[in-house]
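Written out below as structure tokens is the structure these notes cover.
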Amino acid sequence: MALTATIYKINLDIADMDRQYYQTHALTIARHPSETDERVMIRLLAFARYANESLQFGKGISSEDEPALWQKDLTGNVERWIEVGQPDERQIRKASGRARHVVVINYGRGAEPWWTQNQTELARIKNLTVLRLPGETTQTLAGLASRNMQLQCSIQEGMLMFTSDHGVVQIEPVTLQQPPEKIS
């Protein structure tokens, strides 16, 4: 018997003071059977951090040709390609040729070794931003996961604060790499 995806319904209120973006999003996320609550919540964090009208969840884990999230312009060109975890360096290079900007949100036990191993090669990619999330806060964020979520996310000075009936989590991403000229 094949395992099926778990569906999450999320009502996400975003107040991003850094970008002056204030919006409510009704989202549906499919959690792949091999995916953890932590990874689902990191994808949701990525959505909140880069939210706009054209940002969409990709097939993610089930497809190597699509990222965790992406944003396309009206002509179908990829503006932003967002991966979470520790993607293969070749995959990031390939994405950098397809998208105007690539973002990797690095988290988990393998985060530091992954960065140490790939830092030199990734430094050559000029349209890449790499953020690391502290492990203890991502585990706490995973604790907010439920199949029906009401979340509020406030973003100010780069710090994200998620609030739900299950608690409050503050996450301050560490920027490991960003393009020479900042792309919002």
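Residue numbers for the sequence shown follow our numbering, so the first one is 52 and each next one is one higher.
We put the beta carbon where it would ideally sit given N, CA and C, even for glycine.
Roughly how many whole angstroms lie between the Cα atoms of residue i and residue j?
| i | j | result |
| --- | --- | --- |
| GLN228 | VAL154 | 10 Å |
| GLY148 | PRO231 | 17 Å |
| ARG144 | ALA162 | 18 Å |
| ASP124 | SER105 | 7 Å |
| TYR101 | ASN169 | 24 Å |
| LEU182 | LEU95 | 15 Å |
| ASP67 | TYR73 | 6 Å |
| ARG90 | GLN71 | 27 Å |
| SER205 | ASP88 | 21 Å |
| GLN137 | ASP216 | 30 Å |
| MET212 | ARG198 | 20 Å |
| GLN203 | THR189 | 16 Å |
| ALA97 | GLU117 | 15 Å |
| LEU173 | THR180 | 9 Å |
Using only alpha-carbon positions, find the residue among the options that is nearest to residue i.
| i | options | result |
| --- | --- | --- |
| GLN207 | ASP139, PRO224, THR180 and LEU95 | PRO224 |
| GLU187 | GLY159, PHE108 and LYS110 | GLY159 |
| ILE93 | ILE65, TRP165, ALA119 and ASP69 | ALA119 |
| ALA81 | VAL220, GLN137 and THR55 | THR55 |
| SER85 | SER215, THR180, HIS76 and THR57 | THR57 |
| HIS76 | ARG175, ALA97 and ILE65 | ILE65 |
| HIS83 | LYS110, ASN103 and ALA99 | LYS110 |
| ALA150 | PRO185, GLY209, ASN157 and LYS177 | LYS177 |
Could you please give the first and the last residue of the uninterrupted alpha helix (DSSP H) stretch that includes residue i?
| i | result |
| --- | --- |
| GLN228 | Not the alpha helix (DSSP H): GLN228 falls in the beta strand (DSSP E), residues 225-228. |
| LEU96 | 88-101 |
With respect to the beta strand (DSSP E) encompassing residue i, which residues constitute its N-terminal and C-terminal limits?
| i | result |
| --- | --- |
| ALA174 | Counting along the chain, ALA174 falls outside any beta strand (DSSP E), and DSSP gives it neither H nor E. |
| ARG82 | 72-82 |
| LYS252 | With the chain represented from 52 up to 235, any question about residue 252 goes unanswered, as that position is not in the structure. |
| ALA66 | 57-67 |
| THR214 | 210-215 |
| ASN128 | It is not in any beta strand (DSSP E) - ASN128 carries neither H nor E in the DSSP assignment. |
| GLY218 | 218-222 |
With hydrogens ignored, establish whether the beta-carbon of residue i is closer than 7 Å to any heavy atom of the ligand MN.
| i | result |
| --- | --- |
| LYS123 | Annotation note on the ligand MN: not contained in the displayed structure, which lists no ligands. |
Any 3 or more C-beta pairs closer than 8 Å across the stretch 54-74 and the stretch 128-148: Flag = no, the stretch 54-74 and the stretch 128-148 do not touch.
Three or more C-beta pairs below 8 Å linking the stretch 133-141 and the stretch 187-202: no
4 or more residues per run - each alpha helix (DSSP H) lying fully within the stretch 130-189: 140-149 and 162-173
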